[in-house]
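Quick note, the sequences are listed as chains F and E, same order. By the working numbering, the letter at position 104 of the first sequence is numbered 104, and the numbering carries on one by one without gaps. By the working numbering, the letter at position 115 of the second sequence is numbered 115, and the numbering carries on one by one without gaps.
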Amino acid sequence: MDIEQFSDEALMKRVSNRDRQAFQVLYCRYEVRIYNFVLRCAGSAPLAEDLLQETFWRVWQAAGTFQPQKGEFRTWLYRVALNVVRTELVRKRHLLEVSDQAIVEGVIPVPVSADDPAESLQRKEEADLVSRALGGLSPVMREIVVLRCVGGMKFSEIASVTGAPEGTLKARFHRAVAELRRRLSPEEQ
Amino acid sequence: MRHLLDRELVTLVFREFPPGSDPEDEAIWRLHLNACPDCTVKFEELQHAVSVLQGSRFEPPPPLVWARLQARIRTTSVSSPVAIDLSWIRVAFGHIGGIFLALALIAVAGSALESASVWKSMGLWPVCRELGGRGIAALFFFGTGSLLALALAPVLWWESRRSGRG
Numbered sequence: 001m002d003i004e005q006f007s008d009e010a011l012m013k014r015v016s017n018r019d020r021q022a023f024q025v026l027y028c029r030y031e032v033r034i035y036n037f038v039l040r041c042a043g044s045a046p047l048a049e050d051l052l053q054e055t056f057w058r059v060w061q062a063a064g065t066f067q068p069q070k071g072e073f074r075t076w077l078y079r080v081a082l083n084v085v086r087t088e089l090v091r092k093r094h095l096l097e098v099s100d101q102a103i104v105e106g107v108i109p110v111p112v113s114a115d116d117p118a119e120s121l122q123r124k125e126e127a128d129l130v131s132r133a134l135g136g137l138s139p140v141m142r143e144i145v146v147l148r149c150v151g152g153m154k155f156s157e158i159a160s161v162t163g164a165p166e167g168t169l170k171a172r173f174h175r176a177v178a179e180l181r182r183r184l185s186p187e188e189q
Numbered sequence: 001m002r003h004l005l006d007r008e009l010v011t012l013v014f015r016e017f018p019p020g021s022d023p024e025d026e027a028i029w030r031l032h033l034n035a036c037p038d039c040t041v042k043f044e045e046l047q048h049a050v051s052v053l054q055g056s057r058f059e060p061p062p063p064l065v066w067a068r069l070q071a072r073i074r075t076t077s078v079s080s081p082v083a084i085d086l087s088w089i090r091v092a093f094g095h096i097g098g099i100f101l102a103l104a105l106i107a108v109a110g111s112a113l114e115s116a117s118v119w120k121s122m123g124l125w126p127v128c129r130e131l132g133g134r135g136i137a138a139l140f141f142f143g144t145g146s147l148l149a150l151a152l153a154p155v156l157w158w159e160s161r162r163s164g165r166g
């Protein structure tokens, strides 16, 4: 069986035995998701690259502590990434402000192009504005929005990652979106 | 009827009902949504915001991140001191302890061998007299050794398997 078809958990078992090939497969599987997650949280590409590297470095180091019976690898990985984001940002005393320059340079992902160019442009503008507003949210609010909308995680999984109850997360998500809408309203701009 | 709560609106947008929730909740909430313009507006705004947030294109990270990570792993594995496996000490002490325990049992049993009353009470005195003191001791040592080997075999097998895996 080709190693690329292995489950995350099977690969992690190999990684815990210092199998670099298995580690590379896992990295390739999750690099884009984790990079975009940390990019949205950190707001700067160079910092996000450091955070991505640090996340997978910790995965390599702590592979032996991963217990598949306690939950999926994906949830465990996001928990590691979230811890990295929190500790690194506090350590570096980053201001957590997503700069407009970063968006202009295309650092922040823009929406998928739709068939209609006008609609595509509109969605791109919307996404640019949302990205900018996202940088103004509190870290806790931003984490939830990014985990749900960028990480594609369910609220039950986010509850497992953050340790907060599912109902609380949903209420915070709603507040975060309301805050985003407020920041995007014409009066605010 | 009361308006929908924030978390209920989010649940409806993502259709993520927590485990153990009432299956009729969705139908009740949707009925309210159809009848309440305020909640409908909130729901549609939330839905639109979520679709914008989810419609992002994912940027791949630059390849140099993987290169740096590889270099870090390589450097650490080269420069880190050789891990000294001291688990054999624990195993050795375990085995030595087992042997001492067995010897102690032999000593206790050996002293009991001297006592003819023990064998008489067990009805084995005629057999003992036939074998003689040395015969009994040899039989006892052979029996105890076999038992010890049987007891240690699984431990040694498990240990060799564990060290082979590591």
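Glycine is no exception: its CB is placed at the ideal position from the N, C-alpha and C atoms. Bear in mind that the values here come from a model prediction, so they are computed numbers and not experimental data.
task: Label F/Met1 either buried or exposed according to how many other C-beta atoms from any shown protein chain fall within 10 Å of its C-beta, with 16 as the threshold for buried.
output: Taking the first sequence and counting its residues from 1, one reaches residue 1 of chain F at position 1. With fewer than 16 other Cβ atoms within 10 Å, it is exposed.
message: According to DSSP, is E/Ser56 part of a helix, a strand, or is it coil?
response: Here residue 56 of chain E is taken as the residue at index 56 of the second sequence, counted from 1. It is a strand residue.
task: With E/Cys36 as the anchor, note down where its alpha helix (DSSP H) starts and where it stops.
output: As a working note, residue 36 of chain E is residue 36 in the second sequence. Segment: none, E/Cys36 is in no alpha helix (DSSP H) and carries neither H nor E.
message: At the 8 Å Cβ level, is F/Phe66 part of the contact set with chain E, yes or no?
response: The residue labelled residue 66 of chain F in the question sits at position 66 within the first sequence. No, because no Cβ of chain E sits closer than 8 Å to the Cβ of F/Phe66.
field: Assumed close pair E/Leu46, F/Val177 - CB separation to whole angstroms, cut-off 8 Å
entry: Counted from its first residue, the second sequence places residue 46 of chain E at position 46. Counted from its first residue, the first sequence places residue 177 of chain F at position 177. Yes, E/Leu46 and F/Val177 are in contact; Cβ-Cβ is about 6 Å, under 8 Å.
field: Option nearest F/Arg153 by Cα separation, candidates F/Arg33, F/Gln69, F/Tyr27, F/Val85
entry: The residue labelled residue 153 of chain F in the question sits at position 153 within the first sequence. Looking at the sequence provided, one finds Met at residue 153 of chain F rather than Arg. Closest by alpha carbon: F/Arg33.
- request: Write down the C-beta distance between F/Ala45 and F/Leu39 rounded to the nearest angstrom, noting that I regard them as a contact closer than 8 Å.
  value: Residue mapping note: residue 45 of chain F aligns to position 45 of the first sequence, counting from 1. Residue mapping note: residue 39 of chain F aligns to position 39 of the first sequence, counting from 1. Going by Cβ atoms, the distance from F/Ala45 to F/Leu39 rounds to 7 Å, so yes, they are a contact pair.
query: Is there contact here, the region 11-22 of chain E with the region 57-69 of chain E, by at least three beta-carbon pairs under 8 Å?
result: No, they do not touch.
field: F/Pro46: first and last residue of the uninterrupted alpha helix (DSSP H) it sits in
entry: Residue mapping note: residue 46 of chain F aligns to position 46 of the first sequence, counting from 1. In the DSSP annotation of this structure, the continuous segment of the alpha helix (DSSP H) that includes F/Pro46 starts and ends at 45-62.
field: Reduced DSSP secondary structure (H/G/I, E/B, other) of F/Arg183
entry: Stepping through the first sequence from its first residue, residue 183 of chain F is reached at position 183. Looking at F/Arg183 - three-state DSSP - the assignment turns out to be helix.
task: Please determine, among E/Gln70, E/His3, E/Glu8, the residue with the shortest C-alpha to C-alpha distance to F/Val25.
output: Counting from 1 along the first sequence, the entry for residue 25 of chain F is found at position 25. Checking every option, the nearest Cα to that of F/Val25 belongs to E/Gln70.
field: Beta-carbon separation (whole angstroms), F/His174 vs E/Arg7, contact threshold 8 Å
entry: Here residue 174 of chain F corresponds to residue number 174 of the first sequence, with the count starting at 1. Here residue 7 of chain E corresponds to residue number 7 of the second sequence, with the count starting at 1. Indeed they touch by this definition, with Cβ atoms about 7 Å apart.
query: Can you give the Cα-Cα distance for E/Val41 and E/Arg2, rounded to whole angstroms?
result: Your numbering for residue 41 of chain E matches position 41 in the second sequence. Your numbering for residue 2 of chain E matches position 2 in the second sequence. Straight across, the Cα-Cα distance linking E/Val41 with E/Arg2 is about 16 Å.
query: Which chain E residues sit within Cβ distance under 7 Å of F/Tyr78?
result: Working through the first sequence from its first residue, we reach residue 78 of chain F at position 78. Neighbours of F/Tyr78 on chain E: none; closest Cβ ~15 Å, over 7 Å.
- prompt: Cα separation between E/Val10 and F/Val145?
  reply: Mapped onto the second sequence, residue 10 of chain E falls at position 10. Mapped onto the first sequence, residue 145 of chain F falls at position 145. Spanning the two alpha carbons is a distance of roughly 12 Å.
message: Quick check on F/Val161 - is its C-beta less than 8 Å from some C-beta in chain E?
response: Within the first sequence, the letter at position 161 stands for residue 161 of chain F. It does not: the Cβ of F/Val161 has no partner Cβ on chain E nearer than 8 Å.
message: Mapping the DSSP letters down to three states, classify F/Ala164 as helix, strand or coil.
response: Position 164 of the first sequence, counted from the start, is the residue given in the question as residue 164 of chain F. If DSSP states are grouped into helix, strand and coil, F/Ala164 belongs with coil.
query: Is DSSP giving F/Val107 helix, strand or coil here?
result: As a first step, residue 107 of chain F is located in the first sequence; it is residue number 107 there, counting from the start. Because F/Val107 sits at a pLDDT of 41, beneath the cut-off of 50, its placement in the model cannot be relied upon, and the following sentence gives the value as read from the coordinates. Coil.
field: Alpha-carbon to alpha-carbon, F/Ala22 and F/Leu11
entry: To locate residue 11 of chain F, count along the first sequence from 1; it is residue 11. To locate residue 22 of chain F, count along the first sequence from 1; it is residue 22. Answer to the nearest angstrom: the Cα atoms are 5 Å apart.
query: Does the region 78-89 of chain F come close enough to the region 148-168 of chain F that 3 or more CB-CB pairs lie under 8 Å?
result: The region 148-168 of chain F, when compared against the region 78-89 of chain F, does touch it at the 8 Å Cβ threshold.
Pair within 8 Å by beta-carbon distance, F/Leu47 and F/Val59: Residue 47 of chain F sits at position 47 when you count from the first residue of the first sequence. Residue 59 of chain F sits at position 59 when you count from the first residue of the first sequence. Against a cut-off of 8 Å, the Cβ pair of F/Val59 and F/Leu47 comes out as no contact.
task: Just the chain F side, please: which residues come within less than 7 Å of E/Phe43 by C-beta, in chain order?
output: Here the question's residue 43 of chain E lines up with position 43 in the second sequence. For the C-beta of E/Phe43, not a single chain F residue is nearer than 7 Å; the gap to the nearest is close to 11 Å.
message: Give me the residue from F/Ala133, F/Cys41, F/Glu72 with the minimum Cα distance to F/Glu88.
response: By one-based count along the first sequence, residue 88 of chain F stands at place 88. F/Glu88 has its Cα closest to that of F/Cys41, out of F/Ala133, F/Cys41, F/Glu72.
- request: Under 7 Å between beta-carbons, which chain F residues line up against E/Ala104? List them in chain order, please.
  value: Counted from its first residue, the second sequence places residue 104 of chain E at position 104. By Cβ distance, chain F contributes nothing, its closest Cβ being about 39 Å from E/Ala104, past 7 Å.
message: Less than 8 Å between C-beta atoms, sequence neighbours within five positions excluded: which residues of the same chain meet that for E/Phe43?
response: By one-based count along the second sequence, residue 43 of chain E stands at place 43. Within the same chain, Leu4, Leu9, Leu12, Val13, Leu33 come within 8 Å of E/Phe43 by CB-CB distance, once the 5 residues on both sides are set aside.
- request: Anything in chain F within Cβ reach of E/Thr11, meaning under 7 Å, just list it in chain order.
  value: Here residue 11 of chain E refers to the residue found at position 11 when the second sequence is read from its first residue. By Cβ distance, chain F contributes Lys170.
field: Own chain partners of E/Ala102 with C-beta closer than 7 Å, once the 5 adjacent residues on each side are dropped
entry: Numbered from its first residue, the second sequence carries residue 102 of chain E at position 102. Excluding sequence neighbours, E/Ala102 sits near Thr144, Leu148.
- prompt: Is DSSP giving F/Glu97 helix, strand or coil here?
  reply: Within the first sequence, the letter at position 97 stands for residue 97 of chain F. Caution applies to F/Glu97, whose pLDDT of 49 falls short of 50 and renders its modelled position unreliable; the value that the coordinates give is listed next. The answer is coil: DSSP assigns F/Glu97 none of H, G, I, E or B.
query: Do you know offhand how far F/Lys70's Cα is from F/Glu9's?
result: Counting from one through the first sequence, the residue named residue 70 of chain F turns up at place 70. Counting from one through the first sequence, the residue named residue 9 of chain F turns up at place 9. Their backbone Cα atoms lie some 11 Å apart in a straight line.
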